[in-house]
Each structure stands twice: as C-alpha cells, then as structure tokens.
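Chains as they are written, first to last, in my numbering: chain A, 2 to 505; chain B, 12 to 176.
In this text, a Cβ means the ideal position worked out from N, Cα and C, and glycines have one as well.
Below you'll find the structure, written out as structure tokens, and then a few comments.
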Amino acid sequence: MSDKLFKKILVANRGEIAVRIINACRLLRIPSLAIYSTADTDSVHARMADEAVEIGPPPPLESYLALDKIIAAAKSYNCDAIHPGYGFLAENPLFPEKCEEAGIRFIGPSAEAMRLMGNKVEARIKMTGAGVPVIPGMKDAGADLRMFEEAAQEAGYPVLIKAAAGGGGKGMRVVNQPEQLQESVEAARREAKNAFGDDTVYLEKYIENPRHIEFQVLADHHGNTIHLFERECSIQRRHQKIIEETPSVAMTPALRAQMGQAAVRAADASGYRNAGTVEFLVDKNGGFYFLEMNTRIQVEHPVTEMTTGSDLVVEQIRIAAGEKMSEYLFDASQRGHAIECRIYAEDAENNFFPSSGDILYYEEPVGPGIRIDSGVTGGTTVGVEYDPILAKLIVHAPTRDLAIAKMINALRDYRILGIKTSRKFMMDVLAHPEFRAGRTYTDFIEKNMGDREVDVVPAVEVAAAASALAMMRKAPATAMGIKTAKPSPWQTIGPWEIGMRIAK
Amino acid sequence: MIQQLLYQDTALDASVEPNNHGAEVSIGDSKYVVKPLAPGKYSVEMNGIRHTVCCVIKDGRVHVDVEGVLLELTIPSEDDDMAGGDAGMVGEKDKIYAPMPGKVVKLLVGEGDEVTEKQPLVIVEAMKMENQVNSAANGTVKKINFSDGDQVDTDTPIIELEITE
C-alpha cells in the first residue's frame, strides 16, 4: 500500500466513533480532518485528528447536521472523502448525493440503497422478492373479517392486530386462537378510533419472546459480498441497545448459514456496497424475520472485529476507494466470545435520565482482551446537547462465561466520577442468572431488572472512610494533583487556533 | 480528628487516626484501614476485605466510586459557597438560593415551619440533576418565593428565613 487511498478524510461526527475513524485513518496513513461544534472545542476527537475545524454552535442542526457547511469544510481543506460515522447524517441520502456533486467520495453506501432501506414498505417488497423472510401478515389494512381470518391462517397463530396509525401499544391486540379473532379485531378498531381517530387495523404474525439478531455484511465494487456472522443485541432499554454480544447463544451452525445467506441476498438485492447490517427478529423456534437494514457502521461493530480479527472501518475506507475488500475476510471465522457494554452518561437509578457534568476522575480498565472505544477523558465536560454515549467497553474471551466474568471485572475497574454512568446496572444484568443462562430476549430488562434495588448501605461507610482521609489531606481535586482531572497542556497553552474558521 | 459527612440524611462521623501508611478511620463501631494508592484512589480494608475506592472532592461534595457503586457524600461545612449541601452564603443564612439556575422540583417546607440547621428545605433540578438545598441555620420559614415547577435563577432567594439563634 504505497499509494494512499485518499488524500485526506473529513470525519463528520464526534465522540467515540469519530475517534474510532481517526484511528483507522492513522493506520492507513491518511490525514484526517475533525469537525467540532463550539461545545466540543476541547473534545478528544478534535484533539486527535491531524487537523480540526470549528463547524458551528452546539445545536446539531447548525453543526454536525449542517450538510453544506461540512461539504464546504471538506473542499476548503482539500479532503477527497468523508466518513459519516453513525447517527447525525449517516443515513441521509442527501449526504452521498451532495458529496458526489462536490467530487468527494462518501464512505458508505449509495443514496439509492439508503433510500430503499429507509422506506419500510419498499424494503419489505424488495426483501420478499429476494427470498428474505419478512414478518408474515397483511401488507395493507383489512376491510372485512374474512381477510383477517385468511391472513391469520396464513401467518399462523398467535397473531397481532395493529392500528395503522398506531404506536405505544394502543389498538394492539394479541390473538392466540381463531375464536378470539373477531372480538379482537373489533376491540382493536374501537381502541384505534379512540386513540388516533382512525380505526384502520391490520394483522401480522406475533413473535413471542423475540431475540434481536443482526448480521454484519460487507460488499465491495468488485462483486464480492460477504457476511461476518451475527451479533445479538436483545438487551435494550427504551428500545436502545445497551449490551451486545457475539456469537449468539440462539444460533446453530445451520441457522447461522441460513441467516447469513439471507443477509447477503438482502445486500445484493438492494445494490448495497460498503459495510451494512441486516437486522432480524428471531423467534423461539429459530424462525427469523427481516426487520431493517442499517446502512452505516454500527455502534456495536467492535464485537464482530474482536471475534473475526477484522477492522471494519479500514475496510469501509478501502471499499470506498474502489479497492477489493481484504483477502483475509474471505475465510473469516468466529473465534471466542465478545461482549460490548455501552457506557452512557445516564442514571440507571432514575429511569436512565441523562447525566451531565465534568468528568472529575477517569481510569480505564486494562488487560488482555479488553478494548475501549472512548470519546472522553478526565476533564471532559459532558453536555446535554448530544447522544449521551461516552464510550464502549468491549471484552474478548475464549467462552461466553469467561467473557461475562471479564466484562463484570472491567466494568468495576472502569472508574468514572463526576457524572452518572450505568456501569453498576450493567454489572447486575451480566450477573443475572437469566443472562448467564442465555435467556436474552428483547423484554429482558423490563422483565428481570424492573424490581432491581441497589443496596448501597455496605458501600456508604467504605466510601465515607476513604472520603474522610481525602478530606483530612485537605484535598480539593486540584491540590491533590489528580492526574486525570488536571487540564491538559492543550487547555492551558493559551489562545491558539488550528487552521481557520469556516465563514458563517 | 473527626470528619463529618452526610449521605442523604444520614450523618457519618468519621474519626481519622493518621499513621505512617494512611489512616485508621472509625465510623460507628466499624474500623477501616485506609491507604492512599494514587491521587484520588484509596484502599479501604475491614476484616481482611479490601475495597478499591476512588473519590474526588468538588464543591462541598465527595464523588465516590466503590467498585461500580456511585455515591455522593456531602461535606456539611460552614464555608461552602458552592453547589449542594448548605447553599446559604456566609452572612446571609436567612436567604436560601438555588445552587445554579434550574427548576424547583419540590419544596420540603411551608411558610411558618420551624427548621433546624442542615434540614433539607428544597430540591432544585439543574443540569438534569437534583440538588438538595439545606438550611444553614435554625429558624422559621418567613417567605417562599417560588412553587414546585418554577424556574429559578441564583439571584432571587427561594426561601427566606427568620433566624433564631
């Protein structure tokens, strides 16, 4: 690789994923340009990149979502490629389009593929055509009872009656037997009418106790499409994943092969290039159903990297540059077990409320098989403007049991003070007998953690004992010389500027 | 030397006996051997069980991590002029201000109530965190200028007291 794949890459994101992408650029010896809002002036990602440019004020619409400003920055800094990361503009089809107009390579799929996967109805039709199973049911609203009876027969009981205008469980009814169908349809209609002023309802198969299992796919511009196995992401709170792992305990070699092939077909049918993720629901009998395709790098991609020994962001860059994907990927296999815990600034004891403040103490766990993708460090101010993800803690071990044990230890040793994090909550999830037994379904947290209570009593005196000594040593944080909480030289160097500001 | 700390409403009086390695700290009937490991990091031992504890003091509070359990202890001191704990300013103990601009979550007292020093008076939410504001003196609640749910700044007292010394 004597020639660089790109001259310079603009990283159109912040936090841990921006850091992750900058690291991949470094491996490929490609200079990187970070963008940052005025809330992120001293952030890790802005400090790490080869160059950094202030893009606007904190509100995302004026900074990380300001498409035209980002394209202008790429041009004035001579970037010939942009990596969108996840979130923000990553799945906006206008982004690849505007890049193309400006002669800049977008590191991701085409606008067309994004549009197709962004439209649930079209995606469903396309997937059915490609032989990818979707949740069986009616495509449109049902008019009379006979249509519901036929659809229910075809899908197989239990079925779910859903309001077309629905949401929040209103107008939703699970039907276990044919005898209950008529009554349930009528009840769902009444509820839907009351809740949404629209009594249109439809029917689909009800998936009991589903697992959320997704497949990583990778496609280049030379006709190669592969999958890199599954990730199970059933542990979710407020419909957001917090713990992911691979391999999934629900997988058999046969099911893995079947689902992997379906994922590859999904990517091929939509003309997908670059890295993507095909999400499925898996029922207790091993039936699987296409949910959606994420047309970006996923938050949880590191567990795949740990078990397959791959570097997905490097591959994204190679593929976008028109290279073939790396040869080693064609005989990739899964080795050991990996788990990821998302470290959010939030209060698990208070309904996962976001927490903000300054990080007063920061210490990462170390050891074999421990990886941290972090966007913060000691002294970082965590605001309320952006997604509260601070970092991801990933462990890799020979078996699931060892990975769980390693993760609990690593969470304990990942010390962050000044803001609330859900470390203890995740330690309790991992230690739960149901988690250990692999009974991980999407309702895990509400079912198993709902009545969780933290007994802080034994910790209080221990905390007070250490605090008393700290106080006696007359020790405000700074006077004690806490290394991690000290301002870095970058903060004390005085007024300076990297590059120039973008004209507003 | 006695160090006073508060966890929520529980007072913890820690008697600290310094030694060559750190200190022996007694709280109630329990004795802990505390040794500094690194700045902000301590080993706390009782009956052969050692815990690694991190703590940082800021604005009258001690932020503590005991192996994943996060706790905030309050230092009930007179010269606290910052957020949390006793927000009453020196010489102005009859006026209770919000520690930072925020929202009144809950008033814990009513006009005419008698209050004692260190009694929690009001909970203010700021930066999405709840802060308990305590009385800095004994007295009677003379006037309450806000209701639950009101936005407050740091210029207008939330509660005014009639101090009885």
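Every unbroken beta strand (DSSP E) within the region 204-246 of chain A, with a cutoff of 3 residues, ordered by chain
212-220 and 226-238
Based on the DSSP secondary-structure assignment, which residues constitute the bridge partners of N142 (chain B)?
B:V135
Identify every residue that forms a DSSP beta bridge with V186 (chain A).
BP columns for V186 (chain A) are empty, so no partner.
Give the secondary structure of F202 (chain B) by DSSP, where H, G and I count as helix, E and B as strand, and everything else as coil.
Since the first and last residues shown for chain B are 12 and 176, residue 202 (chain B) lies out of range.
Give the straight-line distance between the Cα atoms of E171 (chain B) and R474 (chain A), rounded to the nearest whole angstrom.
36 Å
For H62 (chain B), count the other beta carbons within 10 Å of its own beta carbon; 16 or more makes it buried, fewer makes it exposed. Which is it?
buried
Segment limits, beta strand (DSSP E) that includes K421 (chain A):
Premise fails: K421 (chain A) is in no beta strand (DSSP E) and is neither H nor E.
Would a C-beta distance cut-off of 8 Å place G157 (chain A) and F149 (chain A) closer than the cut-off?
Between G157 (chain A) and F149 (chain A), the gap from beta carbon to beta carbon reaches 8 Å or more.
Proximal residues of chain B, C-beta to C-beta of K421 (chain A) below 7 Å
Chain order gives the chain B residues near K421 (chain A) as L81, where near means a beta carbon separation below 7 Å.
A1 (chain A): buried (16+ other C-beta within 10 angstroms of its C-beta) or exposed?
Here chain A covers residues 2 to 505 and nothing more, so residue 1 (chain A) does not appear.
Does the CB of A68 (chain B) have a neighbour CB from chain A at under 8 Å?
According to the sequence provided, residue 68 (chain B) is Ile. The question's Ala does not apply to it. Answer yes: the Cβ-Cβ gap between I68 (chain B) and chain A drops below 8 Å somewhere.
Examine the Cβ distances between the region 169-188 of chain A and the region 330-337 of chain A and report whether three or more of them are shorter than 8 Å.
no
Ignore the nearest five residues each way along the sequence and tell me which others in C65 (chain B)'s own chain have a CB closer than 8 Å to its CB.
Once the five neighbours on either side are set aside, the close Cβ partners of C65 (chain B) are G51, K52, Y53, V75 and D76.
Below 6 Å CB to CB, which residues in the same chain sit around E122 (chain B) once its five sequence neighbours on both sides are set aside?
V152 and I155
Report the three-state DSSP secondary structure of M139 (chain A) (helix, strand or coil).
In the three-state reduction of the DSSP assignment, M139 (chain A) falls in the coil class, being assigned neither a helical nor a strand state.
Just grab the DSSP bridge partners of I174 (chain B) for me.
Beta-bridge annotation (DSSP): I174 (chain B) is paired with B:G150.
Could you tell me if S271 (chain A) is buried or exposed, where buried requires 16 or more neighbouring beta carbons within 10 angstroms of its beta carbon?
Buried: at least 16 other Cβ atoms inside 10 Å.
Residue-level contact to chain C via CB, D159 (chain B), 8 Å cutoff
The structure shown contains no chain C; its protein chains are A and B.
Looking at the structure shown, is Y329 (chain A) part of a helix, part of a strand, or coil, going by DSSP?
helix
When A:R212, A:I318 and A:I71 are compared against R15 (chain A), the one with the closest alpha-carbon
Of the candidates A:R212, A:I318 and A:I71, the one whose C-alpha sits nearest the C-alpha of R15 (chain A) is A:I71.
How about R401 (chain A) and H338 (chain A): do their beta carbons lie closer than 8 Å?
yes
Going along chain B, which residues have a C-beta under 7 Å from S44 (chain A)?
Under the 7 Å cutoff, chain B gives no residues; its nearest Cβ is about 18 Å from S44 (chain A).
Does any residue of chain A bring its CB to less than 8 Å from the CB of L16 (chain B)?
So, interface residue.
Same chain only: Cβ atoms within 6 Å of E63 (chain A), ignoring 5 sequence neighbours per side
G57
Kindly list the residues whose CB is nearer than 7 Å to the CB of V135 (chain A), restricted to its own chain and excluding five residues on each side of it in sequence; keep chain order.
R125, M128, T129, Y290 and F291
Shortest alpha-carbon distance to I244 (chain A) belongs to which of A:P137, A:P85 and A:S235?
A:S235
With 16 as the cutoff for other CB atoms within 10 Å, does P254 (chain A) come out buried or exposed?
Using a 10 angstroms sphere on the CB of P254 (chain A), the tally of other CB atoms stays under 16, which defines it as exposed.
By the 8 Å beta-carbon criterion, what residues does the region 449-470 of chain A contribute toward chain B?
Residues V455, V457, A460, V461, E462, V463, A464, A465, A466, A467, S468, A469 and L470.
Given a threshold of 16 other Cβ atoms within 10 Å of its Cβ, counted over all protein chains shown, does D92 (chain B) qualify as buried or as exposed?
The predicted position of D92 (chain B) is uncertain, since its pLDDT is 42 and thus under 50; a value taken from the coordinates is nonetheless stated next. D92 (chain B) comes out exposed.
Rounded to the nearest angstrom, what separates R239 (chain A) and K114 (chain B) at their Cα positions?
25 Å
Determine the direct distance from the alpha carbon of I22 (chain A) to that of Q317 (chain A), and round the result to whole angstroms.
C-alpha separation (whole angstroms): 10 Å.
Are D41 (chain A) and A50 (chain A) close, meaning C-beta to C-beta below 8 Å?
no
For the region 426-442 of chain A, enumerate the residues whose C-beta is nearer than 8 Å to any C-beta of chain B, in chain order.
M428
Test: S41 (chain B) CB closer than 8 Å to a CB of chain A
yes
Mind listing the chain A neighbours of G33 (chain B)? Cutoff is C-beta to C-beta under 7 Å, in chain order.
L470
Would you give the residue range spanned by the alpha helix (DSSP H) that N449 (chain A) belongs to?
F445 to N449
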